[in-house]
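Going by the UniProt record's numbering, the final residue of the sequence shown carries number 130, and the count climbs one at a time with no gaps. I have placed the structure first, in the form of structure tokens, so that the comments after it can refer back to it.
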Amino acid sequence: MSANIEGNALASQNGCLMEHWIKALYPSAEFRYKGAIDCIIDGVRVEIKSCQEFIHDSEYKNNQRSGRICFNSQQHEILVLEGGDYIFLVHRNGNPFIFVRLPASSLSRSSWSGVKCVSWKTLLFGGVLI
1 MSANIEGNAL
11 ASQNGCLMEH
21 WIKALYPSAE
31 FRYKGAIDCI
41 IDGVRVEIKS
51 CQEFIHDSEY
61 KNNQRSGRIC
71 FNSQQHEILV
81 LEGGDYIFLV
91 HRNGNPFIFV
101 RLPASSLSRS
111 SWSGVKCVSW
121 KTLLFGGVLI
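Following this line, the structure appears as structure tokens:
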């Protein structure tokens, strides 16, 4: 199995694990596994984004880099237009240690289309959020 396929499988597994954390925090959340947005919490559409604290990557010093949060421009546009939120989770070994819930409209409005991935450190501490 290639590293990319393994990485995608792990990312999917981690995403499901983080959804379980959200279900525990918001028992009334309605998860809809069809469509662009993960769930509805108290009437607000919410997209859950998560990543590992560090990822093994031999291209980087110490063979690791910060995990990345990936955004889809169409999904982001839906959230902004409908007043939706993002929940960001950063985890270590499946245990989240950072939880942030913000309106999608609070993200910097730089022009982009398709998929954009950003280090969680840049996202939360590097000026991507307004």
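For each residue, glycine too, the CB sits at the ideal point set by N, CA and C.
**Message:** Restricting to Cα atoms, I'd like to know which of R45, A24, L25 is closest to Y33.
**Reply:** R45
**Prompt:** For E82, which residues from the same chain have a beta carbon less than 7 Å from its beta carbon, with the 5 sequence-adjacent residues on both sides left out?
**Reply:** R45
**Asked** Which one of G84, F88, A36 has the shortest CA to CA distance from M18?
**Response** F88
**Asked** Do you know how far the Cα of W120 is from the Cα of A11?
**Response** 15 Å
**Item:** According to DSSP, residues forming a beta bridge with F99
**Value:** L89
**Asked** What's the C-alpha gap between K49 and E59?
**Response** 24 Å
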